[in-house]
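>
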Amino acid sequence: MVSILTGLIAGLIATVVMTMFMMTMGDDSPPPTAALWAKYVGDEGPEAYMKQGMLLHMLYGVGAGAAFAVGATALGLAVGTGALVGSVLWGLAFGLVLMVGGMMFWMRIVLAMEPDPKTMAAFGFFHVVYGVVLGAGIALLPV
Numbered sequence: 302m303v304s305i306l307t308g309l310i311a312g313l314i315a316t317v318v319m320t321m322f323m324m325t326m327g328d329d330s331p332p333p334t335a336a337l338w339a340k341y342v343g344d345e346g347p348e349a350y351m352k353q354g355m356l357l358h359m360l361y362g363v364g365a366g367a368a369f370a371v372g373a374t375a376l377g378l379a380v381g382t383g384a385l386v387g388s389v390l391w392g393l394a395f396g397l398v399l400m401v402g403g404m405m406f407w408m409r410i411v412l413a414m415e416p417d418p419k420t421m422a423a424f425g426f427f428h429v430v431y432g433v434v435l436g437a438g439i440a441l442l443p444v
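Numbering (our numbering), first residue to last: 302 to 444.
So this is what it looks like as structure tokens:
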């Protein structure tokens, strides 16, 4: 069993690591969450909402960590303390699900964006990083 608190903390750590990769390897463009803010809350372009976009991104990542903890426990997956390999593999799978959901639903349907292949590859890589770190956190955090 994985606690929601563990999921929240692991989600936060994974999102911070993912964001560091985004900031060092990305193209300095606003994240899709800034475009979401601009479209539904703001009255300027996404560039004006970098801080709000990053805050939303952090909240999504923390929430996704909690969702992973709840889902993995409900499904009886081999994750948690003492199951590092299983946790990392299930975290990786979860990161891939988030990547597909982000590209297919959020970017294409909600935001009506059509990202180029380079952007999609980076988006995918960043979500793989998130999933691996999330899984490791789920296994290694003592809460």
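Each residue gets a CB set at the ideal place from its N, CA and C atoms; glycine is no exception.
Which full runs of the alpha helix (DSSP H) of 4+ residues lie inside the stretch 322-378, going along the chain?
Complete alpha helix (DSSP H) runs here, min 4: 333-341 and 351-376.
> Can you give the Cα-Cα distance for Ala339 and Met351, rounded to whole angstroms?
Looking at the two C-alpha atoms, the distance is approximately 10 Å.
> Helix, strand or coil for Met447 per DSSP?
Any property of residue 447 remains undetermined from this structure, which presents the chain solely from 302 to 444.
> Going by alpha carbons, who is nearest to Gly392 out of Phe427, Met321 and Glu345?
When each option's Cα is compared against that of Gly392, the closest is Phe427.
> Can you list, in chain order, the residues of its chain with a C-beta nearer than 6 Å to that of Gly425? Leave out the 5 residues immediately preceding and following it.
Closer than 6 Å at the Cβ level, and outside the excluded window around Gly425, lie Met400.
> Once DSSP output is grouped into helix, strand and coil, what is the label at Ser388?
Helix.
> Taking just the CA atoms, how far does Val398 sit from Ala370?
Distance between the alpha carbons of Ala370 and Val398 is about 15 Å.
> Looking only at its chain, what residues have a beta carbon closer than 8 Å to the beta carbon of Ile310, apart from the 5 residues adjacent to it on each side?
If we look at Ile310 and ignore the five residues flanking it on each side, its Cβ neighbours are Gly366, Gly438, Leu442 and Val444.
> By Cβ distance, which residues of its chain are closer than 7 Å to Ile410, with the 5 residues on each side in sequence left out?
No residues qualify anywhere along the chain.
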